[in-house]
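Note that the working numbering has the sequence shown beginning at 298, numbered continuously upward.
All C-beta atoms in this analysis are idealised placements derived from N, C-alpha and C, irrespective of residue type, glycine included.
No experiment lies behind these values; they were computed from the predicted model shown.
Everything below concerns the one structure shown next.
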Amino acid sequence: MAGRPLFLYLTVNEGSMGCVLRQHDETSKKERAVYYLSKKFTEYESKYSSLEKMCCALAWTAHLLKQYMIYHTTWLITKLDPIKYVFEKPSLSGRVVRWQVLLSEYDIVYVSQKAIKGSAIVDFLAKRVEEDYEPMEFEFLDEDLMSICLTSEEESEKENWNMFFDGASNALGHGIGVVLVSPEEGHYPIIAKLNFYCTNNVAEYEACVMGLQVVIERKIHIMKVFGDSALVIYQLRGEWETRHSNVEEEVDEKPWYHDIVHYLKFQQYPEQSLENDKKTIRRLAMNFFLDGDILYKRSRDQVFLRCVESIEARRIVEEVHEEICGAHASGYMLARQVMRAGYYWLTLEMDCIDFALKCHKCQIYKDKIHTLANSQNVLTSPWPFSM
């Protein structure tokens with residue numbers, strides 16, 4: 298398209314190179330691929346330095362794509378700047394002179410590479426150039442995706458539905474999409490636009506939830522879910538835990554050390570625990586000691602601290618902060634005083650800080666800063682009246 302610059306993404310590896318020539322479409326918002334190139338360096342070229350390999354790759358690319366680059370300004374997007382090396386080097390060798398003469402007829406502007414997404418295809422092309430080269434397959438590679446399989450041994454594999462979901466969020470908007478594939482290879486695309494601000498991870502969640510809602514409405518019982526978000530996939534499989542201040546913890550009326558006590562007593566893990574959960578319990582149990590029904594934690598100075606549950610922990614914090622010690626210490630100091638008194642629980646420091654911030658007496662008598670927000674300047678002006 299005349300009047301629009303070209304974008305040349307160039308990647309050079311130790312023994313190969315790859316490049317993609319692109320140009321903006323009519324909307325000037327999307328880039329369309331114009332040409333793909335990849336090359337394996339010869340034995341002589343592989344001995345060049347990294348910058349010389351970049352110059353060699355650029356000269357080779359410009360020679361093959363002359364019919365495109367000769368009529369447009371080309372923005373070179375790469376990690377190194379071969380243009381500066383070729384045209385500003387004080388002493389030129391024979392091959393550098395040839396590169397300089399070849400590149401002098403093109404209008405090439407170097408742009409430093411910032412985003413990884415734009416050069417993903419270029420990196421792939423550069424890595425594909427091998428001696429035992431195999432043609433690229435443009436099929437959807439299922440083996441490279443994480444999946445959730447809700448299957449039954451009694452049901453046949455042919456009765457499975459497949460669900461592919463994806464979401465994206467950028468300055469232009471937020472959208473989600475789902476494709477349901479029936480056992481008869483029928484495709485049912487579903488798209489939606491989100492009317493609220495969200496991140497890419499939130500868009501992935503929304504896409505997955507929308508797909509699951511459609512699956513429930515269609516009363517689909519056997520399904521495989523495919524997605525490119527490791528965060529969503531692992532959380533659906535139960536291998537990762539969601540940690541957010543807005544997510545409430547499920548209350549099971551058991552103390553926080555119940556699983557540790559059960560493991561120390563019977564060497565057994567909770568039901569439906571994954572391998573990562575088992576490793577966490579074993580790691581935590583190494584620092585605890587069980588005396589009858591009382592659990593103690595070994596501190597750094599080998600002092601045993603009695604583990605308490607949430608109700609007793611609240612009473613201990615109140616006594617140490619107000620009644621017994623009566624010092625109204627800060628949150629961090631209060632946590633140290635509780636540990637010196639011989640008590641411990643997992644959220645000890647966080648609970649002490651929260652309690653000190655909510656203490657009415659501590660907030661009344663805390664230091665007050667009366668400094669003005671803006672600095673004062675001395676101004677001189679004449680007297681408004683005469684003597």
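Checklist line | Spatial distance of Ala-354 from Met-314 (CA atoms) | finding: 7 angstroms
Item checked: Per-residue burial, Asp-556 [other beta carbons within 10 Å of its own, 16 or more giving buried] -> buried
Check: Taking the Cβ atom as the reference point for each residue, do Gly-478 and Glu-501 lie within a distance shorter than 7 angstroms?
Finding: Residue 478 is actually Val in this sequence, not Gly. No, Cβ-Cβ distance for Val-478 and Glu-501 is not below 7 angstroms.
Next item on the list: Thinking Gly-628 and Ile-613 are a contact (beta carbons under 8 angstroms), I'd like their distance in whole angstroms, please.
Entry: Contact flag wrong, Cβ pair sits at about 14 angstroms.
Check: Relative to the C-alpha of Pro-480, which residue among Met-520, Leu-581, Lys-490, Leu-602 is closest?
Finding: Met-520
Next item on the list: Within its chain, find whatever has a CB closer than 8 angstroms to the CB of Asn-457; leave out the 5 residues flanking it on each side and keep chain order.
Entry: Thr-448, Pro-480, Ile-519, Met-520, Lys-521
Next item on the list: Could you tell me which residues DSSP puts in a beta bridge with Pro-552?
Entry: Paired residues: none, contrary to the question.
Check: What span of residues does the alpha helix (DSSP H) with Trp-372 cover, start to end?
Finding: It is not in any alpha helix (DSSP H) - Trp-372 instead sits in the beta strand (DSSP E) that spans 371 to 375.
Notebook entry, point to check: Across which residues does DSSP place Ile-473 in a beta bridge pair?
Noted result: Gly-464, Ala-489
Margin query: For Glu-328, report the span of its beta strand (DSSP E) as first-last.
Written below: Glu-328 -> beta strand (DSSP E) spans 328 to 337.
Notebook entry, point to check: Once you ignore the five residues that flank Tyr-345 on each side, which residues in its own chain have a CB closer than 7 angstroms to its CB?
Noted result: Cys-353
Next item on the list: May I ask you to report which of helix, strand or coil DSSP gives Glu-428?
Entry: No answer about Glu-428 holds up, because its pLDDT of 48 lies below 50 and its placement is not dependable.
Next item on the list: Determine, using beta carbons only, whether His-321 and Glu-328 come nearer to each other than 7 angstroms.
Entry: Remark: C-beta atoms of His-321 and Glu-328 approach each other more closely than 7 angstroms.
Next item on the list: Tell me whether Arg-595 sits in a helix, a strand or coil according to DSSP, three-state version.
Entry: Looking at Arg-595 - three-state DSSP - the assignment turns out to be strand.
Notebook entry, point to check: Can you give the beta carbon distance from Tyr-641 to Arg-603, rounded, assuming they're within the 8 angstroms contact cut?
Noted result: About 7 angstroms separates the beta carbons of Tyr-641 and Arg-603, which is inside the 8 angstroms limit, making them a contact pair.
Notebook entry, point to check: Are the Cβ atoms of Phe-523 and Phe-421 separated by less than 7 angstroms?
Noted result: no
Check: So, is Ser-526 buried or exposed, given that buried needs 16 or more other C-beta atoms within 10 angstroms?
Finding: buried
Notebook entry, point to check: Is Pro-486 buried or exposed, if buried means 16 or more other CB atoms sit within 10 Å of its CB?
Noted result: Pro-486 should be labelled exposed.
Notebook entry, point to check: So does Ile-613 have its beta carbon nearer than 6 angstroms to some heavy atom of the ligand FMN?
Noted result: In terms of ligand content, the structure shown is empty, and the ligand FMN therefore cannot be addressed.
Item checked: Local Cβ density within 10 Å of Glu-323, reported as buried at 16 or more and exposed below that -> exposed
Next item on the list: Work out the CA separation of Thr-370 and Ala-299 for me, nearest whole Å.
Entry: 10 angstroms
Item checked: Local Cβ density within 10 Å of Arg-319, reported as buried at 16 or more and exposed below that -> buried
Check: Helix, strand or coil: which one does DSSP assign to Glu-452?
Finding: Confidence in Glu-452 is poor, its pLDDT being 48 and thus under 50, which makes the residue's placement unreliable; the coordinate value appears in the next sentence. In the structure shown, Glu-452 sits in coil (DSSP, three-state: anything other than H, G, I, E or B).
Note to self: Applying the 10 Å Cβ sphere with the 16-neighbour rule, what's the burial state of Ser-466?
What the structure shows: buried
Next item on the list: Give every residue of the same chain whose Cβ lies closer than 6 angstroms to the Cβ of Lys-490, excluding the five residues on either side of it in the sequence, and list them in chain order.
Entry: Gly-472
Next item on the list: Under the assumption that Trp-372 contacts Leu-305 (Cβ atoms under 8 angstroms), give the Cβ distance between them as a whole number of angstroms.
Entry: 7 angstroms
Notebook entry, point to check: Rounded to a whole number of angstroms, what is the C-alpha to C-alpha distance between Asp-588 and Phe-601?
Noted result: 11 angstroms
Notebook entry, point to check: So Tyr-554 and Tyr-560 are in contact, right, with Cβ under 8 angstroms, and what is the actual spacing, rounded?
Noted result: Here Tyr-554 is actually not in contact with Tyr-560; their C-beta atoms are around 10 angstroms apart, not less than 8 angstroms.
Notebook entry, point to check: Can you list, in chain order, the residues of its chain whose CB lies under 8 angstroms from that of Val-605, leaving out five sequence neighbours each side?
Noted result: Ile-613, Tyr-640, Tyr-641, Trp-642
Check: In three-state terms, what does DSSP make of Trp-642?
Finding: coil
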